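Protein sequences, first through last, are from chains A and B. Position in the first sequence (first residue = 1) + 3 = the numbering used here. Position in the second sequence (first residue = 1) + 4 = the numbering used here.
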Amino acid sequence: MISQRQTTHRLAAYAVFCVVILLVPLFVSDAYLLNKFARYIVFGILSLALSLSWGYAGILNLGQAVSFGLGSYCMAMALKLRTIPIQTGAGGLPDFMVWNNVHTLPWFWEPFHSYAFTLFAGLAVPAVIAFLIGWFIFRARVSGVYVAIITLAMLVVINLVIIDQQRYTGGFNGITDLTTFKLFGVEFGAYSVATYYLAAVILTLLLFLGLALMNSKTGLILQAIRDDETRVRYFGYDVANYQNFIFCVSAAVAGLAGMLYTLVMEFASPTFLAVPISLSIVIWCAVGGRASLLGAALGAIVVTGVQGSLSDSKTFLDTWMLIMGALFIVVVLFLPNGLISIGDVIRGRRQRRRRAAPARMPEHAEIAAPGRSAAR
Amino acid sequence: MNAIASQISVGLSIASILLLIALGLAIIYGTMGVINLAHGDFVMLGAYSVWFLQKQFGMNLITTLPFVFLIVGGVGWLAERLLIRHLYQRPLDTILATWGIGVILQQAIRLFAGAELRYVKMPQFLINPVHIFGYEDSAYRIFIFALAIALLVATYLLIYRTEFGLRMRAITQNRDVSRCFGINAGRIYALTFAYGAGLAGIAGALVSPLKSVAPDMGTSYVVDAFLVVVLGGVQSLLGTVASSYVIGQADGVLASLSDDTIAKAVVFLGVVVLIRLFPQGLFAMRVRRS
């Protein structure tokens, strides 16, 4: 059981982290740097999303990038429709559609004229897709490794479809040349402080909401499912419903991260829902600490931060991925709960040693006792 | 009629490649409960081995095959000995570790062989079409099909007719009891993993002249192979063979009706729906619990 003091410590750690990320713009005035930091924070949100389903409910979703990419595309579609037409055809058709001989706006693009719908869709589209997949796999009591395989297959398939449907999605190039997102009179440009704050505030909210969720009854049941699915089923809970619920929540959060990512990057691309990003999410989450929201978010921010501060060259990126692969294996082997658990691991060792020391005492006493009585 | 025959032949060649990849995957999963996400990268490694041997020593594709088997099998053996054997108690983590191995292999190839596409020459005598049953068919396709069948038979004999296979099946049934009878489980695991990896390597070698060789070529193959394993199960070789054939033909037919991508998407959806309908029937849930 988690003690009162540990809970306080944990809340304090979360609060300190949030204050730090909210204070960053006071010390960083360089717009380029701020944009970079906003990107890291978006990755933090994305990693947190995976931690919800993987770390807390044991659902290893290797296709998390699907949700991320779809959220990103939703936002990009809305912004594309509002771009001042330069090369567009009649009725404000996006330029790539004109090049692909599409004459009327496809029906699924229509509703993205509205921002309200876009914000809703950015959360709902990933969640609905997750729900459908989840309905099939969790109802069938497919668990463990099969979930991982099926989500990975889903990722590859959806990525192929988006690249293939160039007429509607912009294909390999994705959706580029976007206007600036504007809500309630505030402009969220990629290099603006507003966008950074938006990302940082959302991460803060999600950290505390996630913590509240995981300490609620639902959260406890989810963690119980992670530890022993069958036992929870015998208690009469509908395991599949709980699993599907967190699977959808995780997808929606990743969709939110995707929408933010479009604002930060100013485009949407099929690489956002390709295997390398999905792999990176799992690595961040594993390295930081899958069973801790803060750990997962920090994992993403630290790993991408270190990567971004070192270099951007192609050879470096290849070498970097090699190093990440090795780090990933080392963490999986020796620190299953990530770097955030180092403190616990050391404390656990010390406690074990302390417990081991007094444990020997009664043993000796017991052996000594008859002797002593005999002496008497 | 001719169109249908050629359609079946295309489907058969897709199925043969899939069979070789899925066979390794299924053997590894069946024996030790490890889902090998590096399997696609073993396929890639096989293709690069052919390219390297061809470029360095001017070897023919067919003469390289034994070497490819040994190289990729050796890498698989190393991976099992160094990493995977530490994770048998944590099945979900073996996915992560093997994914890590895949990344390392892919990046190592990118750094040492370059990221650009590579091309492998087809053996001269297999380029020309041959006439069979009155139809004209690509000789190379028939070669792939024949080799896949040969390896399938070899695998069957290995599992059901040799001492090694006996030990392997014993461990699959009950590892602890088998060890009490003096079977060296670690050695069998390592060799099984190496054999599965070697099969993937051969599959990679076989596709290398058909498509360009690239560091990330493994991903698409391994996803199809996963679907085969999910659909067919790991309990019997027959399940793997049948579902390779079904998925290979479905891929081929759907691709000819629309295009490759739609074919993949439809096959994927089909498999997901089938899982819901036959959760127990089409594959056995054998998550290793220790």
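Just so you know, even glycine gets a beta-carbon here, dropped at the ideal spot from N, CA and C. Note that the coordinates shown come from a computational prediction; the quantities given were computed from them, not determined experimentally.
Requested in this report: Starting from the Cα of residue 299 (chain A), find the closest Cα among A:197, A:123, A:43 and give me that residue.
Outcome: A:43
Query raised in the report: Whose Cβ in chain A lies nearer than 9 Å to the Cβ of residue 181 (chain B)?
Result: Under the 9 Å cutoff, chain A gives no residues; its nearest Cβ is about 24 Å from residue 181 (chain B).
Query raised in the report: Is any beta-carbon of chain A found at less than 8 Å from that of residue 236 (chain B)?
Result: Closer than 8 Å: no.
Query raised in the report: Just to check, is the beta-carbon of residue 130 (chain A) closer than 7 Å to a non-hydrogen atom of the ligand PLP?
Result: As far as ligands go, the structure on display features none, and thus does not contain the ligand PLP.
Query raised in the report: Taking only beta-carbon atoms, is residue 282 (chain A) less than 8 Å away from chain B?
Result: yes
Report task. Just the C-alpha distance for residue 149 (chain B) and residue 17 (chain B), rounded to the nearest angstrom, thanks. Result -> For residue 149 (chain B) and residue 17 (chain B), the distance between alpha carbons rounds to 6 Å.
Query raised in the report: Would residue 325 (chain A) count as contacting chain B if we go by Cβ distances under 8 Å?
Result: Chain B contact via Cβ: present.
Requested in this report: Determine, using beta carbons only, whether residue 290 (chain A) and residue 319 (chain A) come nearer to each other than 8 Å.
Outcome: no
Query raised in the report: From the beta carbon of residue 52 (chain A), is the nearest beta carbon of chain B less than 8 Å away?
Result: no
**Report entry** Any beta strand (DSSP E) of 3 or more consecutive residues that is wholly inside the stretch 143-206 of chain A
**Finding:** 184-186, 189-191
Query raised in the report: List, in order along the chain, the chain B residues whose C-beta lies closer than 7 Å to that of residue 156 (chain A)?
Result: 227, 230, 231, 272
Query raised in the report: Using 8 Å as the limit for Cβ to Cβ distance, is residue 139 (chain A) near chain B?
Result: Residue-level contact check: residue 139 (chain A) touches chain B, since one or more beta carbons of chain B fall below 8 Å from its beta carbon.
**Report entry** Sequence-distant residues of the same chain with beta carbon closer than 6 Å to residue 366 (chain A), five excluded per side
**Finding:** Because the pLDDT of residue 366 (chain A) is 42, which lies under 50, any placement of that residue in the model is unreliable, and the question is left without a value.
Report task. Determine, using beta carbons only, whether residue 149 (chain A) comes closer than 8 Å to chain B. Result -> A Cβ of chain B is located within less than 8 Å of the beta carbon of residue 149 (chain A).
Query raised in the report: Can you find a C-beta in chain A that's less than 8 Å from the C-beta of residue 260 (chain B)?
Result: no
**Report entry** From A:77, A:311, A:343, residue whose alpha carbon lies closest to that of residue 255 (chain A)
**Finding:** A:77
Requested in this report: Could you say if the stretch 265-281 of chain A and the stretch 20-28 of chain A meet the contact criterion of at least three C-beta pairs nearer than 8 Å?
Outcome: No contact exists between the stretch 265-281 of chain A and the stretch 20-28 of chain A.
Query raised in the report: Which one or two residues does DSSP pair with residue 271 (chain A) in a beta bridge?
Result: Note: residue 271 (chain A) sits in a beta bridge opposite A:178.
Query raised in the report: I think residue 170 (chain A) touches residue 103 (chain A), with their Cβ atoms under 8 Å apart; what is that distance to the nearest whole Å?
Result: 4 Å
Requested in this report: Mind checking the stretch 74-97 of chain B against chain A and listing, in chain order, the residues whose C-beta falls within less than 9 Å of any C-beta there?
Outcome: 87, 90, 91, 94, 95, 96, 97
Query - Cutoff 8 Å: residue 173 (chain A) Cβ touching any chain B Cβ - result: Judged by the 8 Å Cβ criterion, residue 173 (chain A) is not in contact with chain B.
Query raised in the report: Whose Cβ in chain B lies nearer than 7 Å to the Cβ of residue 328 (chain A)?
Result: 104, 107, 108, 111
Query raised in the report: Are residue 43 (chain B) and residue 29 (chain B) close, meaning C-beta to C-beta below 8 Å?
Result: yes
Query raised in the report: Can you tell me where the alpha helix (DSSP H) with residue 48 (chain B) in it begins and where it stops?
Result: 43-61
Query raised in the report: Can you tell me whether residue 55 (chain B) is buried or exposed, with buried defined as 16 or more other CB within 10 angstroms of its CB?
Result: Buried.
Requested in this report: Please state whether DSSP places residue 38 (chain B) in a helix, a strand or coil.
Outcome: coil
Query raised in the report: In whole angstroms, what separates the C-alpha of residue 87 (chain B) from that of residue 108 (chain A)?
Result: 53 Å
**Report entry** residue 184 (chain B), buried or exposed, once every other Cβ within 10 Å from all chains shown has been counted against 16
**Finding:** Its Cβ having fewer than 16 others within 10 Å, residue 184 (chain B) is exposed.
Query raised in the report: What number of angstroms, rounded off, separates the C-alpha of residue 173 (chain B) from the C-alpha of residue 111 (chain A)?
Result: 53 Å
Query raised in the report: Quick one: does residue 339 (chain A) have its CB under 8 Å from some CB of chain B?
Result: yes
Report task. Write down the C-beta distance between residue 249 (chain A) and residue 55 (chain A) rounded to the nearest angstrom, noting that I regard them as a contact closer than 8 Å. Result -> Between residue 249 (chain A) and residue 55 (chain A), the beta carbon gap of about 6 Å places them in contact (Cβ cut-off 8 Å).
**Report entry** Proximal chain B residues relative to residue 289 (chain A), where beta-carbon distance stays under 8 Å
**Finding:** 100
Query raised in the report: If we ignore side chains and look at the alpha-carbon of each, how far apart do residue 135 (chain A) and residue 126 (chain B) end up?
Result: If you take the alpha carbons of residue 135 (chain A) and residue 126 (chain B), they lie about 44 Å apart.
Query raised in the report: Just the Cα atoms here: how many angstroms apart are residue 383 (chain A) and residue 278 (chain B)?
Result: Nothing about residue 383 (chain A) can be read from this structure; chain A reaches only from 4 to 379.
Query - For residue 152 (chain A) and residue 113 (chain A), the rounded distance between their alpha carbons - result: 34 Å
Query raised in the report: With C-beta atoms as the reference, is residue 198 (chain B) less than 8 Å away from residue 47 (chain B)?
Result: No, the Cβ-Cβ distance between residue 198 (chain B) and residue 47 (chain B) is not below 8 Å.
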